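J.:
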Amino acid sequence: MKMPVIENSSVSFLDIEVPFLTSSKIKVLGGFYIGTCILSILGSASIVIAVIIKKKLCNPEVRPIFHLSLADFVASLSLCIGAATYLQFGFNSTTRQFCSYVTAFSSVCDMPFYHNYL
Numbered sequence: 008m009k010m011p012v013i014e015n016s017s018v019s020f021l022d023i024e025v026p027f028l029t030s031s032k033i034k035v036l037g038g039f040y041i042g043t044c045i046l047s048i049l050g051s052a053s054i055v056i057a058v059i060i061k062k063k064l065c066n067p068e069v070r071p072i073f074h075l076s077l078a079d080f081v082a083s084l085s086l087c088i089g090a091a092t093y094l095q096f097g098f099n100s101t102t103r104q105f106c107s108y109v110t111a112f113s114s115v116c117d118m119p120f121y122h123n124y125l
């Protein structure tokens with residue numbers, strides 16, 4: 008079943024119509040990203056701070072949740088930076104390159120946290 012085609016708002020790929028998001032929908036999505044990232048940053052930061060203040064990092068039961076929270080903090084922070092950059096400057100070649108670097112940085116920072124538990 009083909010979706011209705013609106014001029015200049017979709018792309019055809021092997022007889023499958025894929026609609027593009029409008030600029031206003033992308034801005035709303037960016038706002039949701041930032042909102043959910045802030046909640047994730049607050050949650051993961053509270054776990055990291057609580058573990059550090061209570062000096063419980065040496066406990067083997069706490070270490071996996073600490074590392075997972077630290078990885079979530081880095082990933083959420085990088086996603087929030089990328090969404091804020093897009094909302095502020097739009098999507099051009101410089102923004103695209105910056106977002107690629109932020110994503111690569113996030114991936115490289117997250118790998119050591121997950122590697123211990125695989």
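The sequence shown begins at 8 in the numbering used here and counts up by one.
The beta-carbon is built from N, C-alpha and C at its ideal position, and this holds for glycine as well.
Predicted model only: the values in this text are computed from it and were never measured.
What residue range is occupied by the uninterrupted alpha helix (DSSP H) comprising residue 80?
T.: 70 to 96 is the extent of the alpha helix (DSSP H) around residue 80.
J.: Identify which residue in 82, 64, 35 has its Cα closest to the Cα of residue 115.
T.: With distances taken between Cα atoms, residue 115 lies closest to 82.
J.: Quick check: the Cα distance between residue 89 and residue 71, rounded to an integer number of angstroms?
T.: Spanning the two alpha carbons is a distance of roughly 27 Å.
J.: When the Cα atoms are used, what is the spatial distance from residue 27 to residue 46?
T.: Taking the straight line joining both Cα atoms gives about 28 Å.
J.: Tell me whether residue 44 sits in a helix, a strand or coil according to DSSP, three-state version.
T.: Here residue 44 sits in helix by DSSP.
J.: State the DSSP-derived secondary structure class of residue 28, mapped to helix, strand or coil.
T.: The answer is coil: DSSP assigns residue 28 none of H, G, I, E or B.
J.: Quick one: using the 10 Å Cβ neighbour count with 16 as the cut-off for buried, is residue 30 buried or exposed?
T.: Result: exposed.
J.: Check whether the Cβ atoms of residue 85 and residue 112 lie closer than 8 Å to each other.
T.: Contact: yes.
J.: In chain order, what residues of the same chain lie with their CB nearer than 8 Å to the CB of residue 110, ignoring the 5 residues before and after it?
T.: Only 85, 89 meet the Cβ criterion.
J.: By alpha-carbon positions, which one of 95, 68, 91 ends up nearest to residue 44?
T.: When each option's Cα is compared against that of residue 44, the closest is 91.
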